[in-house]
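Asker:
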Amino acid sequence: EDQVTQSPEALRLQEGESSSLNCSYTVSGLRGLFWYRQDPGKGPEFLFTLYSAGEEKEKERLKATLTKKESFLHITAPKPEDSATYLCAVRTSGSARQLTFGSGTQLTVLP
Amino acid sequence: NAGVTQTPKFQVLKTGQSMTLQCAQDMNHNSMYWYRQDPGMGLRLIYYSASEGTTDKGEVPNGYNVSRLNKREFSLRLESAAPSQTSVYFCASSKKSTGGTRYNEKLFFGSGTQLSVL
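Chains as they are written, first to last, in my numbering: chain A, 1 to 111; chain B, 1001 to 1118.
1. Let me make sure I understand the geometry here. Which of B/Gly1016, B/Ala1024 and B/Val1012 has the alpha-carbon closest to that of B/Phe946?
2. Closest to A/Ser83 by CA distance: which of A/Arg61, A/Cys23, A/Ser71 and A/Gln3 is it?
3. Can you look up B/Gly1099 in the DSSP assignment and give me helix, strand or coil?
4. Drop a sphere of 10 angstroms on the beta-carbon of B/Leu1118, count the other beta-carbons inside from all chains shown, and report buried for 16 or more, exposed for fewer.
5. Please report the straight-line C-alpha distance between A/Thr100 and A/Val90, rounded to a whole angstrom.
6. Which chain B residues sit within Cβ distance under 7 Å of A/Lys42?
7. So, does the region 1082-1090 of chain B touch the region 15-34 of chain A, judging by three or more C-beta pairs under 8 Å?
8. Using a 10 Å radius around the Cβ and a threshold of 16 neighbouring Cβ atoms, would you call B/Gly1099 buried or exposed?
9. Cβ closer than 8 Å: which chain E residues qualify as neighbours of A/Ser103?
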């Protein structure tokens, strides 16, 4: 059974204090790892897709990396507007159309 | 740009009542999905429609039915609501993957329906 675990569940940072969120996965045949951002009362919004170990993607203050067992979302010098819940999800060769989501990391950036 | 539109935004039902959640997308996407989101459990797929005229069960389909009315619209029906169906429901859509082993399906989500079943 595919499993996706995100840590920590919640993270509070001061503005400018860089950190990383973790997404570890146990799956057979990874076909893509996805990062989404979710603001309160809204649906998730796509950030990145990673396909193979060693791959990296960047967008503004966010950088996503992938290894064979986990993915990290690095946040450099965060701002209060980066506060949100960050979700990761995987698609595997065994899951026809399904994404398996982690339960998310709730990030709060204090001014 | 409207994107994915869900109605209603909030709903309170009594146990045993029925209702239909509506979803429409204006991006000409082939695939549409219904997810539920519960605290600490992440998003779970209820049903999906890979293309107009087809529907398939996801991870948690029991107690739900769906209809892909046309390419734009995908509805979710609760025939006899139960308290266990209290959740936030999200509709999503995506372009169909175009071959190969890489699934580059970027999901576009609606803003959700918060459903309470008493």
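We put the CB at the ideal spot given by N, CA and C, even for glycine.
Answerer: Answer, in terms of the structure:
1. The structure shown does not extend to residue 946 of chain B, since chain B is modelled only from 1001 through 1118, so no value can be given for it.
2. A/Arg61
3. Any reading at B/Gly1099 needs caution, since the residue's pLDDT is 49, under 50, leaving its predicted position unreliable; the model's value is listed next. Correct three-state label for B/Gly1099: coil.
4. Exposed.
5. 5 Å
6. In chain order: Ser1111.
7. no
8. Reliability fails at B/Gly1099, whose pLDDT of 49 lies under 50, so the model's placement of it is uncertain and the value that follows must be treated cautiously. Result: exposed.
9. Looking for chain E here will not work: the only protein chains present are A and B.
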